[in-house]
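Beneath this line is the structure, given in structure tokens, with notes to follow.
Numbering (the working numbering), first residue to last: 111 to 316.
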């Protein structure tokens, strides 16, 4: 594993994004556009989605990245992210997507959080994003990003996705969903994880 600490992707290299989400593919394609890295998604390669059975964001990201790298023979990048609420003991956490159910009903999931908090005066919360880069030989590198804030109610804003309408980052009065996408993406948990990944694993931009 020590060699993984200095291992970088090279210009012209192909990278598998361990996701079947087209929106996520477009997001990472834009992020990696200046580095000469070609991205292909696990969905495009017909790779199955592994069951997320780990008990942490890092564990689930690693499960997805390692599975994609070993199945494709290419380096693979995966992320796992979610919203953690202090009054709920860190829930929904790694179960953030599952709280929205198979139909991805995030308005219902946000209402569930609001109802569960109840009269608790502690409305602090944080978003976590973990990126894992894996190689076919099993080497992995993990990068975490976090942004703290507060749970807002009622939901506000039409931008973003997921729980963005009820999350107000520290130092802001707007929710993530009230910010222009580019502004939110510049400070988000995923942006912070990507900055660490970029510094450690990407070639100099062209």
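Glycine is no exception: its CB is placed at the ideal position from the N, C-alpha and C atoms.
Inset, instruction - Could you name the residues of the same chain whose beta carbon sits closer than 6 Å to that of residue 219, not counting the 5 residues immediately before and after it, in chain order? - result: Contacts found: 209, 210.
Inset, instruction - Kindly indicate which three-state DSSP category residue 209 falls into: helix, strand or coil? - result: helix
Legend entry - Proximity winner among 137, 299, 173, 122, relative to residue 163 (alpha-carbon distances): The closest CA to that of residue 163, considering only 137, 299, 173, 122, is found on 173.
Inset, instruction - Work out the CA separation of residue 217 and residue 268 for me, nearest whole Å. - result: 12 Å
Legend entry - Terminal residues of the alpha helix (DSSP H) in which residue 138 lies: Where residue 138 is concerned, the enclosing alpha helix (DSSP H) stretches over 132-141.
Inset, instruction - Mind checking which residues open and close the beta strand (DSSP E) that includes residue 297? - result: From DSSP, residue 297 is part of no beta strand (DSSP E) but of the alpha helix (DSSP H) over 291-297.
Inset, instruction - Would you mind sorting residue 270 into buried or exposed? The rule is 16 or more other CB atoms within 10 Å of its CB. - result: buried
Inset, instruction - Starting from residue 287, trace the beta strand (DSSP E) both ways and give me its first and last residue. - result: It is not in any beta strand (DSSP E) - residue 287 carries neither H nor E in the DSSP assignment.
Legend entry - Under the three-state DSSP convention, the category residue 249 falls into: coil
Inset, instruction - Please decide whether residue 291 counts as near chain D, where near means a Cβ-Cβ distance under 9 Å. - result: The chain labelled as chain D is not found in the depicted structure, where only one protein chain is given.
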